[in-house]
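When the letters of the sequence shown are read in order and numbered with mature numbering (1 follows the signal peptide of the UniProt record, and there is no 0), they come out as residues -23 to -1, 1 to 152.
In this text, a Cβ means the ideal position worked out from N, Cα and C, and glycines have one as well.
The model shown is predicted, which means the values in this text are computed figures rather than measured ones.
Data block below; observations after.
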Amino acid sequence: MFRLSVRLAFFAASALALQSSMAAADDAQVARGEYLVTIGGCNDCHTPGYFFGKPDSARFLGGSDVGFEIPGQGVFVGRNITPDKETGIGSWTREQIVTALQAGQRPDGRQLAPIMPWHALAQLTEEDVTAIAVFLQSLKPVSNQVPGPFQPGEKVSTFMFRILPPGETAAAAPN
């Protein structure tokens, strides 16, 4: 009986040590992901108020209130990338987030908006892009449905920036 108790105690201690080291690894991944999201400027396009000089820290990465018009392609608004299941990426798996970041593809197969810099993110290591996914999944969910995307010519319901090709003026650009 004593031997069984010792074995059970050893097993429990081993399990706790493993759990503790996994938590430390997750903490390190979250910290690395937060660092990469910060230096990558993800909040620039994905946090309300950022473009007006008053980022809403309570809705960090909860989706923008500004759109970007790309001539011939429409208007795109930075999506909610918090783990909110209804308005964010809360139903996406870690692997689906990594695929979106590295290949520009949503879980349903659609491409991300052309303004999303996934071509640059594809250059990150697997460890770094996974750390970003872990960090995004660790955030507090923010319920914020952003408008759009809007097709060319469709009425836009949000403030937007118009991106013009070199040499084109705003007056000459189609509405």
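Discussion item. Short of 7 angstroms in beta carbon distance, which residues of its chain neighbour Val14, apart from the five on each side in sequence? Order them along the chain.
Written reply: Ile109, Phe112
Fill in: Contacts around Pro32, its chain only, beta-carbon distance under 7 angstroms, and the 5 residues preceding and following it disregarded
Asn20, Thr24, Gly26
Discussion item. What would DSSP say about Ile47, mapped onto helix, strand or coil?
Written reply: strand
Worksheet item: Can you give the Cα-Cα distance for Ile16 and Thr146, rounded to whole angstroms?
Response: 32 angstroms
Worksheet item: Is Ala(-1) helix, strand or coil by DSSP?
Response: With a pLDDT of only 49 at Ala(-1), under the threshold of 50, the placement of this residue in the model should not be trusted; the figure read from the coordinates follows. Reduced to three states, the DSSP call for Ala(-1) is helix.
Discussion item. By the three-class DSSP mapping on this structure, what secondary structure does Thr135 have?
Written reply: coil
Worksheet item: Buried or exposed: which applies to Phe53, given that a residue is buried once 16 or more other Cβ atoms fall within 10 Å of its Cβ?
Response: buried
Worksheet item: What is the DSSP secondary structure of Phe29, counted as helix, strand or coil?
Response: helix
Fill in: Rounded separation between Cys22 and Gly40 - CA only
8 angstroms
Practice prompt. Using only alpha-carbon positions, find the residue among Glu103, Leu141, Arg9 that is nearest to Ile92.
Written response: Leu141
Discussion item. Are there any heavy atoms of the ligand FMN lying less than 6 angstroms away from the beta-carbon of Gln79, as far as the coordinates show?
Written reply: Inclusion of the ligand FMN in the displayed structure is not the case, the ligand content being empty and no account of it being possible.
Worksheet item: When the Cα of Pro118 is compared with those of Trp69, Pro48, Asp3, which residue comes out closest?
Response: Trp69
Item to complete: Just the C-alpha distance for Gly58 and Glu103, rounded to the nearest angstrom, thanks.
Response: In the sequence under discussion, the amino acid at residue 58 is Ile, which differs from the Gly named in the question. If I take the Cα positions, the gap works out to 19 angstroms.
Discussion item. Using only the alpha-carbon positions, how far apart do Leu116 and Val123 sit?
Written reply: 18 angstroms
Discussion item. Considering only the alpha carbon of each residue, which of Pro94, Phe45, Gln114, Ala97 lies closest to Gln73?
Written reply: Gln114
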